[in-house]
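For reference, the structure is listed below as structure tokens.
Protein chains in written order, with my numbering: chain L, 43 to 413; chain C, 43 to 413.
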């Protein structure tokens with residue numbers, strides 16, 4: 043059975059997808075290493091120590107890239123968060139999270155049996171993480187249990203806000219709470235320096251931001267915490283319990299490896315991407331839409347309040363799906379079908395020419411429906 | 043960066059790999075859906091409900107194939123075992139397992155905080171699971187805690203032994219203990235009928251036995267247990283906690299789907315594969331090697347005691363690695379480098395012509411070293 047991906051030649055502004063498109067090397071690697079368990083051809087017992095293909099040296103390169111003691115490849119950012127939370131979990135354990143956190147942060151905590159205390163954001167229109175809020179949240183957490191971890195989302199996937207990591211780290215360090223930075227939308231796009239930021243854990247996503255097939259991610263940590271999180275099995279002395287022995291024992295890790303040279307280069311171009319996002323948002327606002335999220339904006343993830351589109355949806359036969367259909371006709375993919383009150387998109391690695399087509403498409407749609 | 047897989051045209055008898063080689067459709071699917079999160083193009087919130095590509099109907103097909111109420115796609119058999127154990131875990135919980143179990147059965151239990159009681163096997167030379175042993179093991183488990191699950195490996199990856207499932211299920215049902223059947227080496231090779239076997243959970247492996255890229259597997263369960271194992275999040279009502287929302291949100295699930303028509307057909311040819319394995323083992327024994335594992339043998343996983351190879355290894359400069367080198371020269375892959383006391387291999391989907399080349403290679407190696 044073969045299924046065609048019909049939208050593959052569309053202009054793609056899906057926030058989930060702009061950073062995960064494969065390089066040509068990655069596409070070749072998929073085919074070369076596609077067979078089940080082929081990465082295990084010469085395994086001596088641990089995925090991250092395999093020399094042929096060169097997974098061991100790649101994992102070292104990742105540590106260097108993040109400036110971080112220890113790295114493991116996981117099935118994704120969420121799996122990395124669960125591994126950390128499950129390792130730190132205890133009875134009455136609490137995790138403090140920013141309220142812009144991805145839903146999988148909450149679910150990882152729930153799966154690990156941890157309660158969640160939220161740090162509220164600043165609300166409409168910027169929805170900024172209020173960094174000082176971690177202080178009160180830790181207080182609240184300690185009233186109901188023991189705070190085992192703080193999570194900060196950098197940036198969140200809803201507004202593309204980049205909070206001030208250092209001030210959160212400072213508060214948490216003072217209180218003896220380790221910090222996990224969720225970089226699903228930053229590692230692979232922008233430079234993340236683990237040491238410099240002073241965090242204890244970092245998670246990244248291969249399929250979201252590192253030009254990889256999914257599911258694959260990375261988990262970086264300090265030497266100190268690696269002794270707990272990467273504890274070995276009592277019975278199988280070389281196997282790491284939280285990884286169930288091995289994690290991504292297959293082809294997604296090979297695409298992560300194949301694209302890594304490209305990823306290392308592209309993070310150097312980040313300021314151009316931010317500049318392009320700012321240009322786009324200015325153009326888009328001139329159509330009458332309003333940015334939700336921080337200003338000046340520092341990321342390619344953009345969220346707009348789109349009242350005009352919502353008004354149209356209330357008048358047309360197909361309701362909210364009119365927008366999806368209009369964009370499909372124009373070969374543009376990535377706005378969630380049915381959504382019109384507000385829309386999310388990403389300009390990452392989309393050319394200015396294509397972005398201009400997107401802007402003109404929205405302009406055209408507004409005109410067509412006479413608004 | 044591109045890395046060539048140098049052994050891809052070798053005769054491959056690696057037990058981990060013979061059942062995981064991709065079909066042509068799966069190889070095309072890899073490229074078509076390679077981009078990160080492409081399977082999420084039209085997701086409405088749950089991986090197993092996605093209609094484009096047709097994951098929802100594929101997951102239904104899997105239920106039908108296994109004759110099982112509910113199926114989810116996981117990152118592999120080990121992840122399936124952990125999901126079940128983590129759901130059933132409680133303080134002082136115990137899992138009863140056959141001593142032929144894969145190491146990840148023990149590690150899943152360890153990760154879930156469960157103690158393990160083993161059912162001993164019959165020892166050399168057949169290493170059969172002693173089905174009645176589950177009775178005593180449950181007794182022992184109840185002395186130290188509460189037995190929450192019994193695991194039976196069907197077949198194990200060490201000897202390829204296929205125990206009598208029904209007699210284990212009978213014992214466990216009598217004692218009120220649910221049974222998980224580990225079918226990493228059977229689902230996709232031979233017919234597995236969940237209802238007929240009477241088990242409560244079944245796990246399978248895409249990369250081991252379903253012609254898929256790794257990592258991917260399946261977890262089947264009864265309606266009754268699905269309410270516990272697939273419990274939804276308190277906060278995100280449509281998300282399954284144990285799957286962290288979604289599991290294989292990427293390309294391995296597309297290869298599983300692509301190869302499924304082929305897999306459904308190939309299980310019908312299983313008796314031919316068993317016949318071929320028996321022919322091979324007879325030929326191989328005539329070289330002076332001895333089968334470890336049950337007779338008559340019912341699976342393509344074969345384990346041989348190879349004293350003659352061990353004797354050679356003690357005399358030659360490269361020690362145990364001589365065998366790997368000799369086989370490499372002959373373009374044969376799959377015997378673990380360094381091993382000579384006993385070797386494991388699989389004849390699954392390897393042609394009789396190629397197996398004859400393998401037999402002649404070993405004959406030739408014995409002659410060359412004058413034994």
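The beta carbon of each residue, even a glycine, is placed where N, CA and C say it ideally should be. Computed from a prediction, not measured in an experiment: that's the story for all the values here.
According to DSSP, residues forming a beta bridge with residue i
i                      : result
residue 80 of chain L  : For residue 80 of chain L, which the question treats as bridged, DSSP gives no partner whatsoever.
residue 420 of chain L : Residue 420 of chain L is absent from the model: chain L starts at 43 and stops at 413.
residue 260 of chain L : L:115, L:246
residue 375 of chain L : L:54
residue 135 of chain C : C:188
residue 287 of chain C : C:282
residue 332 of chain L : L:347
residue 193 of chain C : C:139, C:222
residue 274 of chain C : C:282
residue 180 of chain C : Beta-bridge pairing links residue 180 of chain C to no other residue.
residue 399 of chain C : In DSSP, residue 399 of chain C forms no bridge with anything.
residue 311 of chain L : Bridge partners of residue 311 of chain L: none, in fact.
residue 416 of chain L : Residue coverage of chain L in this structure runs from 43 to 413, which leaves residue 416 of chain L outside it and unanswerable.
Nearest-angstrom beta carbon gap, residue j and residue i [assumed within contact, 8 Å]
i                      : j                      : result
residue 389 of chain L : residue 55 of chain L  : 7 Å
residue 286 of chain L : residue 149 of chain C : 6 Å
residue 225 of chain L : residue 245 of chain L : 6 Å
residue 73 of chain C  : residue 293 of chain L : That belief does not hold up - the Cβ atoms of residue 73 of chain C and residue 293 of chain L are roughly 11 Å apart, past 8 Å.
residue 332 of chain L : residue 347 of chain L : 4 Å
residue 272 of chain L : residue 265 of chain L : No, residue 272 of chain L and residue 265 of chain L are not in contact; Cβ-Cβ is about 10 Å, not under 8 Å.
residue 322 of chain L : residue 397 of chain L : 5 Å
residue 338 of chain L : residue 199 of chain L : Wrong, their Cβ atoms sit about 19 Å apart, outside the cutoff.
residue 157 of chain L : residue 44 of chain C  : Their Cβ separation, rounded to whole angstroms, is 47 Å, which puts residue 157 of chain L and residue 44 of chain C out of contact at 8 Å.
residue 500 of chain C : residue 255 of chain L : With chain C running from 43 to 413 in the structure shown, residue 500 of chain C is simply not present.
Sub-8 Å separation of residue i and residue j beta-carbons
i                      : j                      : result
residue 202 of chain C : residue 343 of chain C : yes
residue 50 of chain L  : residue 79 of chain C  : no
residue 62 of chain L  : residue 253 of chain L : yes
residue 187 of chain L : residue 111 of chain L : no
residue 228 of chain L : residue 68 of chain L  : no
residue 183 of chain C : residue 138 of chain C : yes
residue 87 of chain L  : residue 259 of chain L : no
residue 126 of chain L : residue 243 of chain L : yes
residue 363 of chain L : residue 383 of chain L : no
residue 190 of chain C : residue 132 of chain C : yes
residue 159 of chain C : residue 143 of chain C : no
residue 168 of chain C : residue 336 of chain C : yes
residue 81 of chain L  : residue 381 of chain L : no
residue 152 of chain L : residue 276 of chain C : yes
residue 368 of chain C : residue 128 of chain C : no
Reference residue i; option with closest CA among the options
i                      : options                    : result
residue 319 of chain L : L:52, L:303, L:383, L:345  : L:345
residue 213 of chain L : L:174, L:100, L:243        : L:174
residue 197 of chain C : C:231, C:219, C:166, C:215 : C:231
residue 207 of chain C : C:165, C:199, C:236        : C:236
residue 100 of chain L : L:166, L:295, L:152        : L:295
residue 205 of chain C : C:180, C:373, C:162        : C:162
residue 373 of chain L : L:281, L:337, L:52         : L:52
residue 379 of chain L : L:366, L:306, L:57         : L:366
residue 233 of chain L : L:185, L:104, L:76         : L:104
residue 48 of chain L  : L:160, L:158, L:370        : L:370
residue 90 of chain C  : C:306, C:335, C:288        : C:288
residue 405 of chain C : C:145, C:219, C:325, C:81  : C:325
residue 412 of chain L : L:394, L:307, L:355        : L:355
residue 248 of chain L : L:185, L:305, L:340, L:219 : L:305
residue 107 of chain C : C:120, C:71, C:261         : C:261
residue 65 of chain C  : C:303, C:275, C:267        : C:303
residue 136 of chain L : L:155, L:400, L:129        : L:155
residue 176 of chain C : C:386, C:215, C:75, C:128  : C:215
residue 181 of chain L : L:386, L:77, L:317, L:219  : L:219
residue 410 of chain C : C:299, C:109, C:77, C:357  : C:357
residue 280 of chain C : L:309, L:98, L:145, L:256  : L:145
residue 299 of chain C : C:340, C:92, C:147         : C:92
residue 166 of chain L : L:95, L:124, L:334         : L:334
residue 386 of chain L : L:195, L:341, L:393, L:399 : L:341
Ordered list of alpha helix (DSSP H) runs contained in the stretch 140-176 of chain L, each at least 4 residues: 145-153
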